[in-house]
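In what follows, a structure is listed as structure tokens, so that the remarks can point back to it.
2 protein chains.
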Amino acid sequence: MAKYVYFFGGGKAEGDATMKMLLGGKGANLAEMTKLGVPVPPGFTISTEVCGEFYKNNKKYPAGMEKEIRLNLNKLQTLMGKMLGDPKDPLLVSVRSGAAVSMPGMMDTVLNLGMNDKAVIGIGKLTGNERFAWDAYRRFIQMFANVAKGLDIHVFEDILEKIKSKRKVELDTQLTADDLKLVVSQYKDAYKKITKTEFPQDPWEQLMASIDAVFGSWNNPQAIRYRELNDIKNLLGTAVNVQTMVFGNFGDDSGTGVCFSRDPSTGQKVFYGEYLINAQGEDVVAGIRTPQRIETLKKKNAAVYEKLVAIKDNMEAHYRDMQDMEFTIQQGELFILQTRNGKRTGPAAVKIAVDMVNEKRISREEALMRVSPEQLDQLFHPMIDPKVKKSLSVITKGLNASPGAACGRIVFTAEEAEEWVAQGKKVLLVRKETSPEDIGGMHAAEGILTSTGGMTSHAAVVARGMGTPCVAGCKELAITGNSFTVNGKKYKLGDFVTIDGTTGEVFGTEVPLVTPSLTKDLATFLGWADEIRTKAVRDGIKTKGFVIRTNADQPVDAQVARKFGAEGIGLCRTEHMFFGAGKLDLFQKMIVAENPADRKVALKDLLKLQKKDFKGIFSAMAGLPVTIRLLDPPLHEFVPSNPKDIKALAAVLNVKPSILENKISSLHESNPMLGHRGCRLGITYPEIYDMQVEAIITAACEVAKTGKKVFPEIMIPLVGTQEELEILRKNAEAVASGIIAKKGSKVAYTIGTMIEIPRAAITADEIAAHADFFSFGTNDLTQMTFGYSRDDVGSFVPEYIKQNILHHDPFQSVDISGVGRLVETAISLGRKTKPDMKMGVCGEHGGDPRSIEFFFKAGLNYVSCSPYRVPTARLAAAQSVLRSKK
Amino acid sequence: MAKYVYFFGGGKAEGDATMKMLLGGKGANLAEMTKLGVPVPPGFTISTEVCGEFYKNNKKYPAGMEKEIRLNLNKLQTLMGKMLGDPKDPLLVSVRSGAAVSMPGMMDTVLNLGMNDKAVIGIGKLTGNERFAWDAYRRFIQMFANVAKGLDIHVFEDILEKIKSKRKVELDTQLTADDLKLVVSQYKDAYKKITKTEFPQDPWEQLMASIDAVFGSWNNPQAIRYRELNDIKNLLGTAVNVQTMVFGNFGDDSGTGVCFSRDPSTGQKVFYGEYLINAQGEDVVAGIRTPQRIETLKKKNAAVYEKLVAIKDNMEAHYRDMQDMEFTIQQGELFILQTRNGKRTGPAAVKIAVDMVNEKRISREEALMRVSPEQLDQLFHPMIDPKVKKSLSVITKGLNASPGAACGRIVFTAEEAEEWVAQGKKVLLVRKETSPEDIGGMHAAEGILTSTGGMTSHAAVVARGMGTPCVAGCKELAITGNSFTVNGKKYKLGDFVTIDGTTGEVFGTEVPLVTPSLTKDLATFLGWADEIRTKAVRDGIKTKGFVIRTNADQPVDAQVARKFGAEGIGLCRTEHMFFGAGKLDLFQKMIVAENPADRKVALKDLLKLQKKDFKGIFSAMAGLPVTIRLLDPPLHEFVPSNPKDIKALAAVLNVKPSILENKISSLHESNPMLGHRGCRLGITYPEIYDMQVEAIITAACEVAKTGKKVFPEIMIPLVGTQEELEILRKNAEAVASGIIAKKGSKVAYTIGTMIEIPRAAITADEIAAHADFFSFGTNDLTQMTFGYSRDDVGSFVPEYIKQNILHHDPFQSVDISGVGRLVETAISLGRKTKPDMKMGVCGEHGGDPRSIEFFFKAGLNYVSCSPYRVPTARLAAAQSVLRSKK
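Residue numbers (my numbering), protein chains in the order written: chain W, 29 to 914; chain Y, 29 to 914.
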């Protein structure tokens, strides 16, 4: 027979910590703690299976459940020696939700259940505190009416406020027992008036209605939204915990608090927490009274304090992780309401993991699994002061496009950004979307906030590359001229805003930021990760280890990445070198050239600039490989499209505006993503690629002469057929061998290709014949495999994720079953032709932990990600290795 | 040792007809004819291998070749009893090109080689015709100077003209022997003046220089261009034929002509040809004198005539195909210069094939292989009168986008087209590119000519669907206002032009057209094709045969297709039903609706119209399956984008222009091909698909009630994940089952999907679980697999084909090694899930013979193509079956 209810209490429990899926996190932990002898108020848990059945069967409970609840309630009453509704010594219980994954505050809770007109008298007498009893009753009525019957909470708050103003008091606690009696009486009247029924006096009726309400709250809109936002899936539902009430507000010998076995902000091994005397848990949360630090409890009640310290040590030892505990002291007796592995900041996670290894509590491997890549990422970016953050209110939320927090004055153009920063102001650049011309302003700004665009929009990609915080695609933001409006509130040029690029949150004020310092612990921790990563051995892969490279287009980025542990450059986008003063003009001149001869003249000037950039990159990455991608974007991305700008450009280039306009309009494409770009430019304008190869090889030769080791890897983008690569390889070899011969240098270069067109993946065996390496461009591969333009998916991908058609945004985390299959196909076909071929990934997915794990398993030799993601990738890679060992 | 030269003559030959690749078509045939005892002037062939070596080795001949030529020349002199350059009885030879594939007129020829100052005297005496001798000499000088030395032909023409005007004569033939002596003398002077050398008197020097020239002409620009245009690839080069000259201009007992063993225009079994007395072959070609019909030769010289008839019968019997022969009569003696399988029109090809089966000369299978699908296609379209065509000059050439010829007055807008046609004029619509609003004008026009766009542009696709001739992407056409200019010549509104959509040619005049009549022979022929096709058995495919369906959006198209043998509809595009008066407005209303409720109101009206259309289609296709694709294009394709049109639409729809503008601008996409379209619309606007399913099933039920059998197949486009299909299938089933229950009808419908997204092909095993059938949308699959936007490939695909990166335009003929691999993957994955699943193709490739063969081999059950392509597809399918048997 099915079992629906699990009892805990009296040192015994039917569940344990392993049964989270069935009993929810709270229920499983209550059972575990009970078994461990921790003083937990007894009770029972109705399983998540009941919730699943409830929704499957049109909100009907499974047969037999009600009987089981009755039996367990009896058992509880027997154990406690109290009965629900007893006029003399009534049992009071709480009814709480608790899913397998914590969803704080999203679902409903009913406290003080069992209160009625008779019980309130009994409690008053028993505790000698009539005021407490009536306050508990009125709280119960309010909570029950709201939670179980859906009554508006304001009805009750209004009653309370009126009586308070009549009594001329400010705080609830200033009301007397008689005042509260009046409150209860008016509450009950209001309840009757609205529901057309009396407030239920029968505790069983109260209990079943509350259980109903809690199960019902599993699918309230906020809970659904929370699960969506936090990617919580495949749960049966919530469990319901019915537990004996304990009260921290019985008087000055009572209290309630929260404590951590280590400091969750810093990770330091100190007992950390706070409590309130004569208060209930909700008072701590509400923040009306300022709690006391946990150390002060020692003076107040040494016995309780010592017991709490012992339990916390015990729990940490038992769970082998930092614990977050809730406790209540009822008339001098300590109860533990909850313990769980404590949430912690990134810095704390690293410190605790390293400390616990040093304390020999956990192994290095376990330590590595204890810090999530996302937490590690926090260590490399400024963050909002954790002490301040909880008091802030979010004005809107966008995509967490580039991590870290930033605060500055609003500016709306890249020019403003540069001007204001020159005047010593900190600015935050707010735009609909950024474009290549904004690079200067983006560099100057503390952070970037856009109203459109996704995780791989221009703003997002560039910001991540620069390490600048960015919140993108903030749809509620309406920008008009020199201000923006969000949810009716206006923010003007020069106003302060703060963004948290790690969470996507936007705040309408100036907020203090803190920057975690990179500690010795971190170095130790990443050292362990590297050891695991670099020793990894995989079936069929000849080379040991798994390499982390970086995407970097400028020497300064290369230096940052190297500091963060990058072992080479996996993607240097040459076209990013064409933006900036003096360069773009030259490039535009080249584009609008009427014939190859004119084009070559413009290219000659560009050659010098490219060579200089490459020399910087090669020097910064001396001793490590540098993959340079030849020109990729369509030419129209480099020229203006509106008549005014075209006219200006025509003047600069000294050509007729009409001719320039014709030229630019001839570059227009209906679907630029699928147009004349990548190696297609190399085929139709061979002189461009020739110039780039000349710049690369000349730079390499010149840097090599200084004694530095250079390993240039020339990468041809957007190859779809072996013939393209065959031709372009020959061209590049011809240019390179000429220069090497002339320079008398011994630079060893390789030539490879990106695999980013589905056809290239399918025909990778043929393409491999002409390639020294493959680099998977999973951004474009995702676009073409799905038929999704990343600039346009905003109109349906959110809906797709909501309807579970897509389980992840495929531009953030690689689509393993579709795009992933193509990657695997290409790897296996490519290695059929060249068994030892080096293969990696340079798309945005190279920094995504879930994707990194896939790439590791699929057999790639390296991933490449933006500089600030390198440490994260080192950890994610180590975790992949560890998981693959299981 | 390598052999470079192959002799033929005296009834023996070193080559034969099978050696075309080595000896070229002409050389192989000369050898074969010689062996068959046909009176061929003797000579020898220098192989194509020499040409290959020549180009490989920097224009040097292989060692030993020259010696072989000397030996063969000696053999020829011995056989003929004449020596080159002999002053008494000199041998004269021709030097001609001849590749494995005929390239008429593209390469060089030298005639009368061996003439010099002495030989001319000898010939004069020997023939008793001094005038002939000097004329032959002057022709030789002119040809040699031009071909072998690159002198401008006008130099010689000027000399000739001057002497003619001095002599006051009009024709060359009116010049006397003395006149011609003067011509020769002036020719030699001119030669010397330009080349600084005497005209060579040594026949060996003449010979080697001419052989050089002919090999050199393999790579002249016109020959290269011809091979590109005609997709001639993988040839080594040309062979060179050195052959004894025979002369048809020795006098009235001489002559020259061309004859066919059957009429190449009609295919009738009559001896067909023409000849000129006292003339050389070039005179026939030049068209100065009107040739006589071959029958008249019987009277002139019965013996020669009978001999010619006997040879022609012999040759036809030998080659088992209609022959095209060139002959010369030299002083009463018949020589055959060439025989080859004769080119023929489509109608002739069918008639000859059927007749030859009836005559028991060839089998039905052979007959089916004798008619190319392209030839068959001619039978279904008007064509330029073949008698007139050769005298026309082409003003420009575009893509042969929709077959058939059309002639009409130029109009530049769809409105003009409709107005002028209403006035009884025939028009040809000339546009940069067409768009959906032009449908009315496109229907009214005789033909469509566009200056941009490819084989799958809007104009091309719609024209093929309508069966309207179309030449697309005619780049040389510059349209400005009410005229267009092509190569400097202006054509105005109302001027006549003629297009040939089968060849892509454009003519600047009114031209007579003829429409082939569909004959009994054709029915017989296609009957044979169907027998082969429908009985085809393939490994692993349970059902026998291979089905030809049609793409049709309107009842009238369905009727045409059925007449042409379509066995169902493979693609009915529902959105095409939304264009046209009264419909587009409703659809636009639906698009701009602010919420689902408003949208439903608009959809209700559309429902009625769609239902009516579907009833028409189901009735026309009674008894056959009809695959209906739900809405596919992005919504912005249905609304205007320029402010003026938006304003007009706002008035029609009774909304504020600014609101409409916002709505329309919110629909804008950067890459619409990869945007919010296909089933993505079905997911985000379920009410649209619900309406369409309701219309389909209601129509099916109502038509079924009339006693007609209906087999609706609902097709969901652009599926990329199984989840999309799962959800949309459920929605469709819910709507359909409701209607079927209500109507009490027993309509059996199926639900399938298009496989057109690479991800769908890769995950076809998962998708198959929710699909009753697959239909490959190879247009989009090609776009996404290659990353090519078909609207934008014009900037590089032509260059790709030129450089042999692409061997075919992948939008015309399926890319077997890339897209094809994906198709095969999807077939095999899909059949893993559902072994008997019906699979077909509905992309443009469904009408391309080469693609049809691939689809047949890959295991598809059907192809679907535009109505006018159905007979072609029936033949192509039968040919595929026959080839697969080999």
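Note that the Cβ used here is the ideal one computed from N, Cα and C, for glycine as well.
Values in this document were obtained by computation on a predicted structure and should not be read as measured data.
Could you tell me whether any Cβ in chain Y is nearer than 8 Å to the Cβ of residue i?
i, result
"SER698(W)", "yes"
"PHE814(W)", "yes"
"ASP240(W)", "no"
"GLN840(W)", "no"
"ASN623(W)", "no"
"SER817(W)", "yes"
"THR791(W)", "yes"
"HIS704(W)", "yes"
According to the neighbour-count rule (16 or more other Cβ atoms, all chains shown, within 10 Å of its Cβ), is residue i buried or exposed?
i, result
"ASN579(W)", "buried"
"ASN428(W)", "buried"
"ASP820(Y)", "buried"
"SER892(W)", "buried"
"LEU257(Y)", "exposed"
"ARG321(W)", "exposed"
Tell me which residue opens and which closes the alpha helix (DSSP H) that residue i is part of.
i, result
"LEU910(W)", "898-913"
"ASN174(Y)", "158-177"
"LEU365(Y)", "Taken as a continuous stretch (DSSP letters only), LEU365(Y) belongs to no alpha helix (DSSP H), being part of the beta strand (DSSP E) at 361-369."
"ALA377(W)", "374-386"
"CYS729(Y)", "714-733"
"ILE470(Y)", "The residue asked about is misnamed: residue 470(Y) is Met in this sequence, not Ile. Its alpha helix (DSSP H) spans residues 467-472."
"LYS15(W)", "The structure shown does not extend to residue 15(W), since chain W is modelled only from 29 through 914, so no value can be given for it."
I'd like to know if residue i contacts chain W, where contact means its C-beta is closer than 8 Å to some C-beta of that chain.
i, result
"PRO786(Y)", "yes"
"MET701(Y)", "yes"
"PHE824(Y)", "yes"
"LEU505(Y)", "no"
"SER845(Y)", "yes"
"GLN811(Y)", "yes"
"GLU827(Y)", "yes"
"ASN670(Y)", "no"
Less than 8 Å between the CB atoms is what I'm expecting for residue i and residue j, so what's the real figure, rounded?
i, j, result
"PRO118(W)", "GLY142(W)", "5 Å"
"GLU525(W)", "LEU420(W)", "Per the sequence shown, the amino acid found at residue 525(W) is Val instead of Glu. With 8 Å as the limit, VAL525(W) and LEU420(W) do not qualify as a contact, their Cβ atoms being about 12 Å apart."
"GLY274(W)", "PHE168(W)", "Note that residue 274(W) corresponds to Val in the displayed sequence, not to Gly. With a Cβ gap of about 15 Å, VAL274(W) and PHE168(W) do not count as contacting."
Can you give me the start and stop residues for the beta strand (DSSP E) that residue i sits inside?
i, result
"CYS600(Y)", "597-601"
"TYR219(W)", "Per DSSP, TYR219(W) belongs to no beta strand (DSSP E); it is in the alpha helix (DSSP H), 205-223."
"PRO15(W)", "Any property of residue 15(W) remains undetermined from this structure, which presents chain W solely from 29 to 914."
Task: Proximal residues, the region 708-721 of chain W versus chain Y, C-beta separation under 8 Å - done: ARG708, ILE711 and THR712
- [ ] Pull out every residue of the region 733-756 of chain W whose Cβ sits closer than 8 Å to any Cβ of chain Y, in chain order.
- [x] LEU746, GLY748, THR749, GLU751, GLU752 and ILE755
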